[in-house]
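Line by line, the protein sequences are chains E and B. Mapping to my numbering: the first sequence position 8 is 8, numbers consecutive. Each number in my numbering corresponds to the 1-based position in the second sequence with 1000 added.
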Amino acid sequence: MSLLTALIALGTLALIFGAVLGYAAIRFKVESDPLVEQIDDVLPQTQCGQCGYPGCRPYAEAIANGDDINKCPPGGEATIRKLADLMGVEAKPLNEAQTENVKRVAYIREDECIGCTKCIQACPVDAIVGASKLMHTVLADECTGCDLCVAPCPVDCIDMIPVATTPERWKWDLAAIPVRMVE
Amino acid sequence: MPGLFQQIQAGKLWDFHGGIHPPGRKEQTNQKPIAVLPIPDRLYLPLRQHIGVAGQLLVRVGERVLKGQQLTSAENSMAVPVHAPTSGTVLSITPHTSPHPSALPELTLVLEPDGLDEWRQREPLNFLTCDNMTLLSRIQDSGIAGMGGAGFPTHIKAGLTQPVDYLIINAVECEPYISADDLLMQEAATTIVKGIDILCRLLNPKAVLIGIEDDKPIAAAAMMAACSQREHYYVRLVPTKYPSGGEKQLIQLLTNKEVPNGRRPADIGIVMQNVGTAFAIAQAVLDDHPLLSRIVTVAGDTLNQPQNVLALLGTPVSALLDACGFQSQPQQRVIMGGPMMGFTLPDLSVPVVKTTNCILAPTAQELPAASTEMDCIRCSACADACPASLLPQQLLWYSKAKDSDKLQEYNLADCIECGACAYVCPSEIPLVQYYRVAKADIREQQREALKAEQAKARFETRNARLEQEKQERLQRNQQLAAARQQQQLASGANTAVADALARIKAKQAQAAPAEERSKEQILAERELKKQQAREHQQQKAEQQKAQQQATEQHSEPTEQTATTATTNSKAAAVAAAIARAQAKKAAQAAEQDATEQQLTPAPNTEKSPQAEVSTEADPRKAAIAAAIARAKAKQQAQTEHETGAVPATASTANKPAAGSDVVTAAEDPRKAAVAAALARAKAKKQANAEATEQTAASTPVTPEPDAVVTEDPRKAAITAALARAKARKQADSENS
Chain E
1 MSLLTALIAL GTLALIFGAV LGYAAIRFKV ESDPLVEQID DVLPQTQCGQ CGYPGCRPYA
61 EAIANGDDIN KCPPGGEATI RKLADLMGVE AKPLNEAQTE NVKRVAYIRE DECIGCTKCI
121 QACPVDAIVG ASKLMHTVLA DECTGCDLCV APCPVDCIDM IPVATTPERW KWDLAAIPVR
181 MVE
Chain B
1001 MPGLFQQIQA GKLWDFHGGI HPPGRKEQTN QKPIAVLPIP DRLYLPLRQH IGVAGQLLVR
1061 VGERVLKGQQ LTSAENSMAV PVHAPTSGTV LSITPHTSPH PSALPELTLV LEPDGLDEWR
1121 QREPLNFLTC DNMTLLSRIQ DSGIAGMGGA GFPTHIKAGL TQPVDYLIIN AVECEPYISA
1181 DDLLMQEAAT TIVKGIDILC RLLNPKAVLI GIEDDKPIAA AAMMAACSQR EHYYVRLVPT
1241 KYPSGGEKQL IQLLTNKEVP NGRRPADIGI VMQNVGTAFA IAQAVLDDHP LLSRIVTVAG
1301 DTLNQPQNVL ALLGTPVSAL LDACGFQSQP QQRVIMGGPM MGFTLPDLSV PVVKTTNCIL
1361 APTAQELPAA STEMDCIRCS ACADACPASL LPQQLLWYSK AKDSDKLQEY NLADCIECGA
1421 CAYVCPSEIP LVQYYRVAKA DIREQQREAL KAEQAKARFE TRNARLEQEK QERLQRNQQL
1481 AAARQQQQLA SGANTAVADA LARIKAKQAQ AAPAEERSKE QILAERELKK QQAREHQQQK
1541 AEQQKAQQQA TEQHSEPTEQ TATTATTNSK AAAVAAAIAR AQAKKAAQAA EQDATEQQLT
1601 PAPNTEKSPQ AEVSTEADPR KAAIAAAIAR AKAKQQAQTE HETGAVPATA STANKPAAGS
1661 DVVTAAEDPR KAAVAAALAR AKAKKQANAE ATEQTAASTP VTPEPDAVVT EDPRKAAITA
1721 ALARAKARKQ ADSENS
């Protein structure tokens, strides 16, 4: 008798929870793939295409579908580590063909610019301003350093310049500033 | 239980967690008067000396500036201007080593003083009569930023619109060596209190709490004396402990309130100002004396005369040290700021700025260099000392592991970088340095994340824009095309292009019907050819029929003679011949029917011959006609069945059918065509059959079918088929 009671009780519970879960699955259904969103948030959004995909989101989708996580040079090791945590895979070193670059921004040598607007069309984040036959310039704050404007320039007047460290961006150097103590 | 305000009024003090008691060493300087430094040869004025953004430059290289003249403008609310500390000429505006731990070069204006110290026009304000906005803009224009060390723009703190309960004046000065505020209070307590009055005017607090450490009795006495006329000003002596001068710590000490994580004191109704800031405000408002100089403690055992000096902003550190009798030692370190929170200077050309309160030039014995870092022994002394109640050990692990999520979880942002943990650490781990690095990393990450978000937004906006442009272009092109068409329709071919287009169109139009016509012609031709072919075939079939009849007449003379003998007329003979021919045809059809039945077990005998016809109908052109014919024949056969005129013999059945065919042929050309097709098909079949029969002529089986046909068409068919198969076999064997 007690066995029967237990079976009935457990069975009822199972049914109730099943119904609740089933309802929740429908009621709280997530439309988009949250994994892609999470991966996209981790990626540096330079939209440089160095991973072989046309932008960060397509690469995020590719990772979600099982692509390698070590194809993002602008993100570097930190991004790979985060992606490894997120995807539950082992962190790999950056793809050999790709080198991790220091943070750089594009700079147009303005007296050499012929105003062809080709770099403007190439820029994925609209960080280059200018007009046809007029000098162009890069909005350094908006530049993601993706290199995409360098190749289209017919006169090779675009340089990628490393971002200078400012006191705000400076990271404390443990070796240079040892702590001083009062005896 | 009295309320908080009553407790504060009663002089109650609270305590904060942790803290350390390092040796004060303030006696080096706190008994000496403030020395006024001579004007140096060069003044190095960084354009940004506070937290926030630099103002816009107002002067050019080579320009002569007067004392107190604004060198930069402050359009931004987070910007405060920089003023010329004395009259002179702008030598250059170039990057120069900044008074920052990084010592990175920052844009600095180099001023060459002319020694005249000539003031600009000064307009003192009466703070009792002017409005708050004027006061605030005066504070901002005078370049006042927090002088305790952080350098937060004062006008923002003083211009708060939220109600303020307590204004706390920070005169704790807890770090060892430093006595700048102490001396300022000793010498200028009255001016400080005037500055506090101005702040009260702006903020309207319930009470003003002036926190002074109890190791500054002279300063405290001076302040009490100056405040004696103000009933809601309370001077509070707090016990000497480091870091009670920290903003959050002093708030807790004086009011027992804790600033929530990630909030500012203003959120709990408290504003804190440094005592030096109050002095600067008083000077700026009452004397129109902008922030041009500040009191700096110059201390350390390498100095002959450690003292507090009033130094112009921009004075190089070397000038301060020289004025105090600096005796440089080997591996001499000079520290800007206190021994706890200061930083070592890379060279002595670094200038004094608004936040510089101390220059320390200690001997190696006085302040030994850090020895080797050892492993953490988990003694938890750091946790006991931490004034922010953090867990320094955990933070150390996570800092080393660069785990920014965990660091944030353990509230690294609440660390005030006071250095108490590093001071107490028996393993001499420079804990605070690890936290500084981690904090910088986190800040950088946050900046990157923000930038990434912006880049993403820009990228998405750009894509959306490109898509929209594409759609618009498409729409525009469509509209233009439509408009052009309309124009052409309306005004004909006006322009040359339209002319050309019209011509092309016309050409196309001409070409198209021609093609169509040609198609039609082709169709017609095909039809014609088909017709011709059909006629030709019909003729052929007729010819064959005639031949057949002829052969039949020859091959069956006995029968013929029997019939002709009875009728004895030519017409009768012909009719008989036709009848016979048809009978034979029917017999042959039955024969074929039988073979068909062998191949396909179709029960309908009437249907099968027609199917046979279709399969055997070789000429393709006739296929369709034959199909129609079959359908017709089937219909006919069915009607025959239905009418009950079930033919007893194949010949009788075929006879009326043929007759009706002939009759209808005259009436309906279609039916005639069908009949013709049938006839053709049958003729062909017959021809084929004849050929086979001829090959098997030698066998005696061949005449049999004719006889059996009359009895039962089915049985006849089967036997015929058997016979045929035998004949074929025989033929095959003969052939082989």
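Don't be surprised by glycine CBs; every beta carbon is placed ideally from N, CA and C.
Item                                                                                                                                                                                  : Value
Can you give the beta carbon distance from P1113(B) to L1043(B), rounded, assuming they're within the 8 Å contact cut?                                                                : 6 Å
From this set, P1176(B), I1281(B), E1247(B), which residue's C-alpha is nearest A1266(B)'s C-alpha?                                                                                   : E1247(B)
Return the residues of the stretch 1096 to 1117 of chain B that lie within a Cβ-Cβ distance of less than 7 Å from chain E, sorted by chain order.                                     : S1098, H1100, P1101, S1102, L1104, E1106
Considering only the beta carbon of each residue, do C149(E) and C116(E) sit closer than 7 Å?                                                                                         : no
For S1404(B), report the span of its alpha helix (DSSP H) as first-last.                                                                                                              : 1404 to 1409
Measuring alpha carbon to alpha carbon, tell me which of L10(E), H136(E), P154(E) ends up nearest E108(E).                                                                            : Glu is not the amino acid found at residue 108(E); the sequence shown has Ile there. Closest by alpha carbon: H136(E).
From L1320(B) to G1068(B), what distance separates their C-alpha atoms?                                                                                                               : 21 Å
Is the Cβ of K1354(B) closer than 7 Å to any Cβ of chain E?                                                                                                                           : no
For a contact meaning CB atoms closer than 9 Å, what does D126(E) contact in chain B?                                                                                                 : R1458, F1459, T1461, R1462, R1465
Indicate whether V1353(B) and Q1049(B) have their beta-carbon atoms separated by less than 7 Å.                                                                                       : yes
By DSSP, does T1719(B) sit in helix, in strand, or in coil?                                                                                                                           : helix
Determine, using beta carbons only, whether Q50(E) comes closer than 7 Å to chain B.                                                                                                  : no
Find the residues of chain B that neighbour T144(E), judging by a C-beta separation of less than 7 Å, and give them in chain order.                                                   : A1455
Give the residues of chain E in contact with A1452(B), contact being defined as C-beta atoms less than 7 Å apart.                                                                     : P44, Q45
Please list the segments of the beta strand (DSSP E) lying wholly inside the stretch 1079 to 1112 of chain B, counting only runs of 3 or more residues, in order along the chain.     : 1088 to 1097
Under a three-way DSSP split, which group does L1013(B) fall into?                                                                                                                    : coil
Beta carbon of T1086(B), beta carbon of D1041(B): below 7 Å?                                                                                                                          : no
Please compile the residues from chain E whose C-beta is within a distance smaller than 8 Å of the C-beta of E1448(B).                                                                : P44
Which of the three DSSP states is assigned to A1665(B) in this structure?                                                                                                             : Residue confidence is low: A1665(B) scores 40 on pLDDT, short of 50, so the model does not pin down where it sits. No coordinate-derived value is stated.
If we ignore side chains and look at the alpha-carbon of each, how far apart do T1134(B) and L1286(B) end up?                                                                         : 13 Å
Can you list, in chain order, the residues of its chain with a C-beta nearer than 6 Å to that of L1160(B)? Leave out the 5 residues immediately preceding and following it.           : A1266
So which residues on chain B does R169(E) lean against when the C-beta distance must stay under 7 Å?                                                                                  : E1444
Residues of chain E with CB closer than 9 Å to the CB of A1440(B), please, in chain order.                                                                                            : R169, W170, K171, W172
Looking at the secondary structure, which residues open and close the alpha helix (DSSP H) in which Y59(E) lies?                                                                      : 56 to 64
Is any non-hydrogen atom of the ligand ADP found closer than 6 Å to the C-beta of A1150(B), if you look at the structure I gave you?                                                  : This structure lacks the ligand ADP; in fact it carries no ligand of any kind.
Report the option in G1003(B), P1239(B), L1184(B) whose CA atom is closest to the CA atom of W1014(B).                                                                                : P1239(B)
Kindly list the residues whose CB is nearer than 7 Å to the CB of P1290(B), restricted to its own chain and excluding five residues on each side of it in sequence; keep chain order. : G1068, H1083, S1142, G1143, A1284
Pop quiz: G1195(B) and A1278(B) are said to be a contact at Cβ under 8 Å. What is the actual Cβ separation, rounded to whole angstroms?                                               : 3 Å
Beta-carbon within less than 6 Å of D1618(B)'s beta-carbon, same chain only, minus the 5 sequence neighbours each way: which residues are those?                                      : Low per-residue confidence applies at D1618(B): pLDDT is 49, beneath 50, and the placement is therefore not dependable enough to give any value.
List the DSSP bridge partners of V1119(B).                                                                                                                                            : The sequence shown places Trp at residue 1119(B), rather than the Val named in the question. Partner(s): K1067(B).
Using the DSSP secondary-structure output, state which residues sit across from Q1186(B) in a beta bridge.                                                                            : DSSP output for Q1186(B) lists no bridge partner at all.
Compute the distance between the beta-carbons of C186(E) and A131(E), then report whether it is under 7 Å.                                                                            : Since the first and last residues shown for chain E are 1 and 183, residue 186(E) lies out of range.
Could you tell me which of I114(E), Q47(E), D67(E), V36(E) sits nearest to P154(E), measuring between CA atoms?                                                                       : I114(E)
On the criterion of 16 or more Cβ atoms from any shown chain inside 10 Å, does V1497(B) qualify as buried, or is it exposed?                                                          : exposed
For G1300(B), is the classification buried or exposed, using 16 other Cβ atoms within 10 angstroms of its Cβ as the cut-off for buried?                                               : buried
So, using beta-carbon positions, are Q47(E) and C119(E) closer together than 7 Å?                                                                                                     : no
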